[in-house]
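Before any comments, here is the structure.
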Amino acid sequence: MSSSYSSKRIVSVSVLALAIQLLLIHSVLGQDNAFLYHKCSDIEGSFTSKSPYESNLDSLFRHLSYRVPSNGFATSSAGKTPDKVNGLSLCRGDASSSDCGSCLATAVPEIRQRCPNNKAGIIWYDNCFVKYSSTDFFGKIDYENKFYLYNVKNVSDPASFNAQTRALLTDLTKKATAGGNRKLYATGEQSYGEKKLYGLVQCTRDLRSETCKACLDGIIGEIPNCCDGKEGGRVVGGSCNFRYEIYPFVKVA
Ligand SMILES: *[C@@H]1O[C@H](CO)[C@@H](O)[C@H](O)[C@H]1NC(C)=O
């Protein structure tokens, strides 16, 4: 389905942001394992083939591929400093364990191929993302890795639409971070004129609830940059993400 996407790169402050225009939004429904974006980090340097780092990375990915599908999230570390590698993977909250497993089965070899020697990298699909790094990033908000997606269609009343989008996502943030919701995930809908607005928010589960809230509040604040007056939009990061659309996109189990 990659033919239904066109993309445009924009470079913002220290974030390489990518806006993919969803031209045929409805036909994307059901194509949930679409590749979205990846980034190989140069900051942490590189490793060589057959090095301890590479063997730790492979072991990390095996572990994540095994553990993540059953509950949609896991962190893992392999090896000892200076060859230690840390990683996590998160599946979308509505992905079944088989969708989650098949997403990882695609994502892991793909990131190995796209970032063959980078000590850190991240890859996103619709159903999951996988991140690894030589630094211990667990529990902290990832401000480096982030991109935007939006629907090219404009709404007729951008100011009130943006306000309603923000209100829905802020409400979902409260739900996702309420005590006891350790999935740090929420979806919901609200009326928007005669139509409906649908939303989803999710954080990686290594974050505390308050940190998740801070992450989501931060990206919700980016609505004017990512998707001002657009019928659909997403800010997708390494710690949290949101999506809104004017059509239902969450799978019902
Ligand atoms: C949406 O609005 C922007 C800014 O006014 C304009 O450049 C763009 O062409 C519009 N897109 C569509 C699909 O009408």
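Using mature numbering (1 follows the signal peptide of the UniProt record, and there is no 0), the letters of the sequence shown correspond one by one to residues -30 to -1, 1 to 223.
Glycine included, each C-beta is placed from N, C-alpha and C at the ideal position.
Selection from the options that minimises the alpha carbon distance to residue i
i: Gly137; options: Asp64, Leu30, Trp94, Gly191; result: Checking the displayed sequence, the identity of residue 137 turns out to be Ala instead of Gly. The shortest Cα separation from Ala137 among Asp64, Leu30, Trp94, Gly191 belongs to Gly191.
i: Phe43; options: Leu6, Leu74, Lys183; result: Leu74
i: Asn97; options: Ser161, Ala90, Pro22, Ala77; result: Ala77
i: Gly150; options: Asp127, Arg175, Tyr162; result: Arg175
i: Asn3; options: Trp94, Phe31, Ser161, Thr45; result: Trp94
i: Lys183; options: Tyr217, Ala148, Glu24; result: Ala148
i: Thr45; options: Gly188, Ile216, Leu177; result: Leu177
i: Lys50; options: Asp106, Ser66, Glu80, Ser68; result: Asp106
i: Glu201; options: Val222, Ser19, Glu215; result: Glu215
i: Ser179; options: Ile111, Gly57, Ala65, Glu24; result: Ile111
i: Cys61; options: Lys20, Leu154, Leu27, Lys144; result: Leu154
i: Lys123; options: Tyr217, Ser21, Val222; result: Tyr217
Beta-carbon proximity check, residue i vs residue j, cutoff 8 Å
i: Gly199; j: Asn121; result: no
i: Cys185; j: Cys173; result: yes
i: Ser104; j: Val55; result: yes
i: Val206; j: Leu6; result: yes
i: Gly91; j: Cys10; result: yes
i: Ser59; j: Phe108; result: no
i: Gly15; j: Asn115; result: no
i: Thr157; j: Leu142; result: yes
i: Lys89; j: Phe31; result: no
i: Ile189; j: Thr135; result: no
i: Ser67; j: Ser40; result: yes
i: Tyr102; j: Gly57; result: yes
i: Phe212; j: Leu139; result: yes
Inter-residue spacing [alpha-carbon to alpha-carbon] between residue i and residue j
i: Arg113; j: Arg204; result: Note that residue 113 corresponds to Tyr in the displayed sequence, not to Arg. Taking the straight line from one Cα to the other gives about 16 Å.
i: Gly71; j: Ser35; result: 7 Å
i: Ser29; j: Ala48; result: 7 Å
i: Val(-3); j: Pro52; result: Because the pLDDT at Val(-3) is just 45, under 50, the model does not fix this residue reliably, and the value given afterwards should be weighed accordingly. Distance between the alpha carbons of Val(-3) and Pro52 is about 43 Å.
i: Asp127; j: Cys210; result: 28 Å
i: Ala146; j: Asp69; result: 22 Å
Cutoff 8 Å: residue i Cβ touching any chain D Cβ
i: Arg136; result: As a matter of chain content, chain D is missing from the structure shown, which is built from one protein chain.
Boundaries of the beta strand (DSSP E) in which residue i is found, first to last residue
i: Phe212; result: 210 to 215
i: Gly15; result: 5 to 16
i: Lys183; result: Where Lys183 is concerned, there is no enclosing beta strand (DSSP E), although the alpha helix (DSSP H) it sits in stretches over 179 to 190.
i: Asn88; result: 88 to 95
i: Phe99; result: 98 to 103
i: Cys197; result: Per DSSP, Cys197 belongs to no beta strand (DSSP E) and is neither H nor E.
i: Phe219; result: Looking at the DSSP string, Phe219 is not in any beta strand (DSSP E), and its letter there is neither H nor E.
i: Asn56; result: 55 to 61
i: Lys166; result: 165 to 173
i: Lys116; result: 116 to 120
i: Val205; result: 203 to 207
Boundaries (first-last residue) of the alpha helix (DSSP H) holding residue i
i: Arg84; result: 67 to 84
i: Ala148; result: Premise fails: Ala148 is in no alpha helix (DSSP H) and is neither H nor E.
i: Asn26; result: 22 to 41
Any non-hydrogen atom of ligand 2 within 7 Å of residue i CB
i: Val122; result: Among the ligands present in this structure, namely ligand 1, ligand 2 is not found.
task = Count the CB pairs spanning the segment 76 to 85 and the segment 163 to 181 that are closer than 8 Å, and state whether there are at least three.
result = They do not touch, by the three-pair rule.
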